[in-house]
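Take 1 as the starting number for the sequence shown in the UniProt record's numbering and just add one per residue.
Notes for the one structure printed next.
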Amino acid sequence: MNAFKRDKKEEEDGGNPFQNLEKTTVLQEARTFNDTPVNPRKCAHILTKILYLLNQGEQLGTTEATEAFFAMTKLFQSRDVVLRRLVYLGIKELSSIAEDVIIVTSSLTKDMTGKEDLYRAAAIRALCTITDGAMLATIERYMKQAIVDRSPAVSSAALVSTVHLKNVSGDVARRWANEAQEALNSDNIMVQYHALGVLYQARKSDKHAVIKLVAKLMRSSLKSPYAACLLIRMACKLLDEVDEGTELLEFIESCIRHKSEMVVYEAAHALINLGRSSTREIASAISVLQLFCGSPKPALRFAAVRTLNKVAMTHPAAVTACNLDLENLITDSNRSIATLAITTLLKTGAESSVDRLMKQIATFVSEISDEFKVVVVQAIRALCQKFPRKHAVLMNFLSAMLRDEGGLEYKAAIADTIIAVMEGNAEAKEAGLAHLCEFIEDCEHTSLAVRILHLLGQEGPTSKQPSRYIRFIYNRVILESASVRAAAVTALAHFAAACPTLLPNILVLLSRCQLDSDDEVRDRATYYCTILQQNADPTILPLVQPPQLSIPSLERALRNYVSSPMEEDFDISQIPPAQTVEEPAQEILSAVKPQHLRLTREESFVEKLSQVSELAAIIRDAPLFKSSSVFELTESETEYNVKCIKHCFADYLILQFDCLNTLADPLLEDVRVSIDTQDVFTVVSEIPCPRLGYNEQGTTYTVLKFPEDVQSTIITLPTTLRFLARDCDPNTGVPDTDQGYADEYMLEDLEITLRDQIRGSAPSNFDFANAWEAASARNYVTHEQIFALGAGVTTLEAAIQSLVLFLGLVPVERSDRVKSGATQHTLLLSGVFRGGKEVLARAKLALTDQVTMQFTVRSEDPEVAELIISSVG
């Protein structure tokens, strides 16, 4: 006992016996596993070292892992319980690295079917990590027996392993569903929970089977609170997929009165996040969370206040009833709870309470983690939108937070908030730029400094005193790394192009940058100096700040152009703009992740299409102009699901049909979508999907050629799914006969719209007035007409949203934002029609009893201008 206490004391003092382990030394010690007889205590200690290294991220080579694995198999001759369970852990960790791990199958099978319960559950988990498709059939009988075993540990291990085995065989859960159904009746709460998880995996591809399962379990009383929580989540998922769900909604609401706090919280959380919940149901959920705010359990208080914090973003009035309870949580000993309470009050409180709450946050904001500091920043961002007059106080607080210690995610969240406040409130622009200038003086994050310099180059020239920012930018040229210096050079050039009075002085600074040690900085400085010295007119701004193009698409287009005769000038308007793939919105407590540049959506489609040999010629001859969003040609619950994506080129339209077969009986072959072109489009080719099995997804393509008459390209075309069906065994998927029969399935009509052929395009500094007049000078065709918008459009915002969505053009100069209370507004739009034909449009909107619009469009192609006007009409 004294030795134990001494070891414990050393651990509390920070001692770690495994702290300075070396991989090579530990692997040398692993040779002890081969000793006879086995020394269980010594081998357990060495095996613990190996597991520690692996869990610390140490990488073992294939040879090293294989040698350690085979040495470890010798330990099966020992009957020591601790050592045997460590061996199971070692098998799980090394199975993905070592070779020939299948050699321990017989030993693990023997242990999982033996009489020693301490071995059986762990042996099942280890065995399933090394099982492949060929082995699955040999252990299937043992796994079915284990699922219904009297030992809860064994049964749970088998059920959880069944879920993991779906990566080996997709239908394993369906084949073992009868045993899982029997395990669902277990008295053990974990077995019941895991059994329900397996049953859901077995039926999730069949929505009607899931509905039947949920309906059956709703009428019974599940003993396991974990299973009840899973059932609530299944019901919520069904509510998103079915039109009628009154019984499901009533079941979730009834769970608020469950005896388990876990289930009560899950039900309240579900009601709040359901889009179809009524005000009454949300109020009942919030009342439960209000009770949890006074719970003596910190976990319940944290869960309640975190959920209320999220609800306050969408239903602030409903959360107001909890303000008194949230006030009591401000002094909670758990700083995370206190932070969430204050930020929730910021979202629901009055403007008069802002100053008091900000002072309370300031007292402990330095003590909380970056994760919760981000929550504070998000609350301040919402507060700036709610109370614009408080922007000075809030931005000063953000500026103070910028000076505190913190990681990139935290500092990026603050910078994002300051930028968002500047965009939403013109009065905050000067203060925001000043705070960001001070921040980059000591910013240690290169990516963030580059982004702020880019913002200064965009917004600084239009500020009241542009010259005040030059010093901050040039300091970066002197003091920072190469990438920051390059961004600073570009920002200086933006000031010189937009502010003629600053041009002479900035030219001097840029000429010094031509002596920089970095190639990129020198090249930028030389480029900008040359342009600025040749022409001091502000109209050179587009040369200084060219549109950001998709680099892979530009490279591909240039390669194609160089390989062609090059008789015509290279058309850069055909190149799509660069984009970032947006990450899905995270929970409010998730740290803000830095955005990484990825392939644009169009670029990813080009990569996929270029792998189809029949489509390679089209992609080689012309760049992809635009890809539409995904739309369904069938209902989601039908036996065949077909989704379509339209890929538009200058002269061709490639239709990508993603097909899913939800029937287990027929095997589909030669699957294609037949289109009735109505003698308008020309079908160039059809590329069928050769095989489509049960629950498999395949892709078929149809290539159409646009007609010469642009007016006829807006059309609705009937479509039919055609295939050769072969009956097969639903369990094995093997066809019963060699011959099949031709069949077809009617799909929804395919609409080819104006939006499919137009891509919104405009640089960030786009000057619409100059472009509009320049288009007139270049004899662009102008069409104008007055429209009275439909009865469903009753506000200027709705009119703008519907017009942008219909046309596919992009709003410029922030003209899609309407001032509060305005009855008149002008929307400015820009874009390109397929083939590189520029389009400019201006919509003057007036709100009386209805929305009236004077719509004017200019284009270099008269047919395109006429098409747009006629489509709007």
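Note that the Cβ used here is the ideal one computed from N, Cα and C, for glycine as well.
On a predicted model such as this, the values are computed, not experimentally measured, just so you know.
Rounded to whole angstroms, what is the Cα-Cα separation between T826 and Q465? 29 Å
Return the residue from the list I139, A846, V703, N779 that minimises the CA-CA distance to A865. N779
My parser needs the beta strand (DSSP E) runs of 3 or more residues fully inside the region 622-659; what are they? 640-648
Quick one: give me the first and last residue of the alpha helix (DSSP H) that A769 is part of. 768-777
Minimum C-alpha distance to E797 - residue among R814, Q785, H783: R814
Output yes or no for whether 9 Å exceeds the beta carbon distance between E639 and L615. no
Would you call V872 buried or exposed, if buried means 16 or more other Cβ atoms sit within 10 Å of its Cβ? buried
So, C513 versus V521, is the Cβ gap smaller than 9 Å? yes
Here's a check: name, in chain order, each residue in its chain whose Cβ is nearer than 6 Å to the Cβ of F766, leaving out the five neighbours to either side. V812
Using the C-alpha atoms, what's the distance from I189 back to G90? 29 Å
Taking only three categories from DSSP, how would you classify P707? coil
Which whole runs of the alpha helix (DSSP H) in the region 58-86 are 4 residues long or more, in chain order? 62-73
Determine the burial state of H208: buried for a count of at least 16 other Cβ atoms within 10 Å of its Cβ, exposed for fewer. exposed
Are three or more beta carbon pairs between the region 625-632 and the region 669-682 nearer than 8 Å? no
Taking S78 as the reference, which of A44, G61, Y52, S830 has the closest Cα? A44
Give the DSSP-derived three-state secondary structure of V592 in the structure shown. Unreliable placement is indicated for V592, whose pLDDT of 32 sits below 50; no coordinate value is reported for it.
Three or more beta-carbon pairs under 8 Å between the region 388-400 and the region 415-428, yes or no? yes
Return the CA-CA distance between S604 and P623, expressed in angstroms with no decimal places. 13 Å
Should A303 be labelled buried (16 or more other beta-carbon atoms within 10 Å of its own) or exposed? buried
So, using beta-carbon positions, are L829 and L847 closer together than 9 Å? no
Who are the near neighbours of Q854 in its chain, counting only those whose CB is closer than 6 Å to its CB and skipping five residues on each side? I786, K844
Which of helix, strand or coil does DSSP assign to F251? helix
Return the Cβ separation of Y265 and A227 in integer angstroms, given the expectation that the two are a contact with Cβ distance under 8 Å. Not a contact, Cβ separation roughly 15 Å.
Which first and last residues belong to the beta strand (DSSP E) in which I752 is found? 750-752
Please indicate yes or no: does the CB of A431 lie closer than 8 Å to some heavy atom of the ligand COA? The model on display carries no ligand, and the ligand COA is accordingly not part of it.
Go through its chain and collect everything with a Cβ distance to A536's Cβ below 8 Å, but skip five positions before and after it. The predicted model places A536 with a pLDDT of 49, which falls under 50 and marks its position as unreliable, so this point remains unresolved.
Option nearest L492 by Cα separation, candidates I506, L479, A482: I506
Judging by CA-CA distance, which residue of L668, N661, V562, L655 is the nearest neighbour of D621? V562
For the candidate residues R556, G831, T343, D569, whose alpha-carbon lies nearest to that of V606? R556
Mind checking which residues open and close the beta strand (DSSP E) that includes A762? No beta strand (DSSP E) holds A762; DSSP gives it neither H nor E.
What is the residue span of the alpha helix (DSSP H) that Y193 lies within? 189-203
Among the residues of its own chain, which have a CB less than 7 Å from the CB of I361, if the five just before and after it don't count? I342, V376
What would DSSP say about R150, mapped onto helix, strand or coil? coil
Within the continuous alpha helix (DSSP H) that includes K837, where are the two ends? Unbroken run through K837 is the beta strand (DSSP E), 837-847; no alpha helix (DSSP H).
According to DSSP, T716 sits in a beta bridge with which residue or residues? E751
Chain-order list of residues whose beta-carbon lies under 7 Å from that of L357 (same chain, five-residue window excluded): I342, L345, L346, G349
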